[in-house]
Amino acid sequence: SNGSFEYLGLNIEQRPDKAISVDQLQYLQNFALIPLQKTDHKLNEASTANFTQFRSLCGKLTWLSNLTRPDLSFDASYLSSCLRDTANQDIQRLNKVIKNKILDGKRTVKLNYTSLGASKDWSIKCYADASHKNLPNGGSQVGCVMMMVNRKTGANNIIHWFSHRISRVVTSPLAAETLAMDEALDEAFGLNKLLSLVLGRNKDRPIEGVTDCRSLFDHLQTRKPVNNSRLIVQISKMRESLDRKELQMSWVKTAQQLADPLTKRDVNITPLLKFINKQ
Numbered sequence: 049s050n051g052s053f054e055y056l057g058l059n060i061e062q063r064p065d066k067a068i069s070v071d072q073l074q075y076l077q078n079f080a081l082i083p084l085q086k087t088d089h090k091l092n093e094a095s096t097a098n099f100t101q102f103r104s105l106c107g108k109l110t111w112l113s114n115l116t117r118p119d120l121s122f123d124a125s126y127l128s129s130c131l132r133d134t135a136n137q138d139i140q141r142l143n144k145v146i147k148n149k150i151l152d153g154k155r156t157v158k159l160n161y162t163s164l165g166a167s168k169d170w171s172i173k174c175y176a177d178a179s180h181k182n183l184p185n186g187g188s189q190v191g192c193v194m195m196m197v198n199r200k201t202g203a204n205n206i207i208h209w210f211s212h213r214i215s216r217v218v219t220s221p222l223a224a225e226t227l228a229m230d231e232a233l234d235e236a237f238g239l240n241k242l243l244s245l246v247l248g249r250n251k252d253r254p255i256e257g258v259t260d261c262r263s264l265f266d267h268l269q270t271r272k273p274v275n276n277s278r279l280i281v282q283i284s285k286m287r288e289s290l291d292r293k294e295l296q297m298s299w300v301k302t303a304q305q306l307a308d309p310l311t312k313r314d315v316n317i318t319p320l321l322k323f324i325n326k327q
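Numbering (the working numbering), first residue to last: 49 to 327.
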């Protein structure tokens, strides 16, 4: 049957073609800019009142990005890391995100889910990316966009995404990209096992990892020794999965890397939005 309903702030609609869309357009009304006075701009540390609003809005932004807005994941992750020592420039950045990405009405995002056909034709595709030392104090960010794909028809639905700071210091872009792919594939293999239990199929679905890091891709296609000893385990795991035909890897240009906006700001968001909205 067709219709729509709201559940925990999610607007869920089933259209006549049986496709399902999920959005939080009504939830956007909970966002408002934090007013800053001229005197605030002269001070580095945020006032108590402004910090309270900042903390509340960061929580709402995280909730929004986790449920329906992967395009806001990097902003939510970065701004949440500023809660310990919030400066007025952090509030200005949050205001910019709210103004340009939430309240302007130009970026309408809906998660659209269409039929993927028979489950025997499904596969899992993971776009994983990282940015090396692009965060304060030399931190690095990882991001992933995961989708379920029908290998015969090409139909696909987004099923998971994440964006967060790497918990340890990494010494190279290769290390950051490797950790991003390793985490994405771990979640994909876990999801695969869960689907096998739910669907009652013992055979797992193929998994494809997509990276824009040529160095990582080349390392996985050869037996070339890894210079970084801390990456040996991750690289070896992926090579074994490739040997067992559980995994295949693809390389794409950065412009085609859907996870790129989940690792840094001010990058081209159009490919990700087109994929989410199925335009």
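Note that beta-carbon positions come from the ideal geometry of N, C-alpha and C, so glycine has one too.
Excluding the 5 residues flanking residue i on each side, which residues of the same chain have their C-beta closer than 6 Å to its C-beta?
i: F210; result: C192
i: H212; result: S125
i: L76; result: I150
i: N92; result: A135
What residue from the options has the CA that sits closest to residue i's CA?
i: R271; options: C261, K285, T318, V258; result: K285
i: M355; options: L151, A232, A178; result: Absent from the model: residue 355. The displayed extent of the chain is 49 to 327, so no value can be given.
i: D133; options: T96, L159, F122; result: T96
i: S277; options: C130, T162, F53, T226; result: T226
i: R262; options: S113, V315, S128, K301; result: K301
i: A236; options: G248, T219, I207; result: I207
i: D234; options: E93, S289, S128, L127; result: S289
i: A80; options: V145, N114, K322; result: V145
i: L84; options: N136, S128, W111, E61; result: N136
i: V218; options: R249, N185, L239; result: N185
i: A94; options: L239, N78, C130; result: C130
i: E294; options: G248, G238, L321; result: G238
i: S128; options: L112, T116, G107; result: G107
i: W111; options: G57, S215, R287; result: G57
i: L115; options: Y55, S215, D291, I214; result: Y55
i: K147; options: K86, I214, N78; result: N78
i: F323; options: R249, R287, T162; result: T162
i: W299; options: S215, D65, Q269, G187; result: Q269
If I'm right that residue i touches residue j with Cβ under 8 Å, what's the distance once you round it to whole angstroms?
i: A124; j: L105; result: So it is not a contact: roughly 10 Å between Cβ atoms.
i: V274; j: A224; result: Rounded, the Cβ-Cβ distance is 14 Å, inconsistent with contact.
i: K149; j: L120; result: 6 Å
i: H180; j: P221; result: 4 Å
i: Q296; j: D230; result: Actually they do not touch by this definition, with Cβ atoms about 16 Å apart.
i: N59; j: N325; result: Between N325 and N59 the Cβ distance is about 15 Å, and since that is not below 8 Å, they are no contact.
i: D260; j: D177; result: 6 Å
Can you list, in chain order, the residues of its chain whose CB lies under 8 Å from that of residue i, leaving out five sequence neighbours each side?
i: R63; result: N50, S69
i: I82; result: N98, Q101, F102, L105, I139, L142, N143
i: A303; result: N316, P319
i: L321; result: D119, R155, V157, Q327
i: L247; result: S167
i: F122; result: Q189, G191, S211, P309, L310, T311, K312, R313
By Cβ distance below 7 Å, which residues in the same chain neighbour residue i in space, the five residues on each side in sequence not counted?
i: Y175; result: C192, V193, V258, Q305, L306, A307
i: L164; result: W170, M196, N198, A203, N205
i: L25; result: Outside the shown range of the chain, which is 49 to 327, sits residue 25, and nothing can be said about it.
i: Q74; result: N59
i: L264; result: L222, E225, T226, M229
i: H267; result: V274, I283
i: K113; result: The question names Lys, yet the displayed sequence has Ser at residue 113. So the qualifying residues of the chain are L120, S121, A124.
i: A67; result: N160, Y161, T162
i: F53; result: I60
i: D287; result: The amino acid at residue 287 is misidentified as Asp; the sequence shows Arg. Excluding positions up to five away in sequence, the list reads L268.
Should residue i be flagged as near chain B, meaning a C-beta pair shorter than 9 Å?
i: N240; result: No chain B is part of this structure, which consists of one protein chain only.
Is residue i close to the ligand FMN? I mean its beta-carbon at under 8 Å from any heavy atom of the ligand.
i: E225; result: Judged by which ligands are present, the structure shown has none, so any question about the ligand FMN falls away.
**Asked** Are three or more beta carbon pairs between the region 232–250 and the region 155–174 nearer than 8 Å?
**Response** Yes, they touch.
**Message:** Check whether the region 310–324 and the region 247–256 are in contact - that is, three or more C-beta pairs closer than 8 Å.
**Reply:** Under the three-pair Cβ rule at 8 Å, the region 310–324 does not count as touching the region 247–256.
**Asked** Are the region 146–160 and the region 195–203 touching, with three or more C-beta to C-beta distances below 8 Å?
**Response** These segments do not touch.
**Request:** Report the residue ranges of all alpha helix (DSSP H) runs contained in full by the region 227–303; include only those spanning at least 4 residues, in chain order.
**Result:** Complete alpha helix (DSSP H) runs here, min 4: 262–269, 280–291.
**Request:** Pick out the complete alpha helix (DSSP H) segments inside the region 85–166, 4 residues or longer, and give them in chain order.
**Result:** Whole alpha helix (DSSP H) segments, 4+ residues: 86–90, 96–115, 121–128, 136–145.
**Completely contained beta strand (DSSP E) runs for the region 179–203, where each covers 3 or more residues** = DSSP runs (the beta strand (DSSP E)) wholly in the region 179–203: 189–198.
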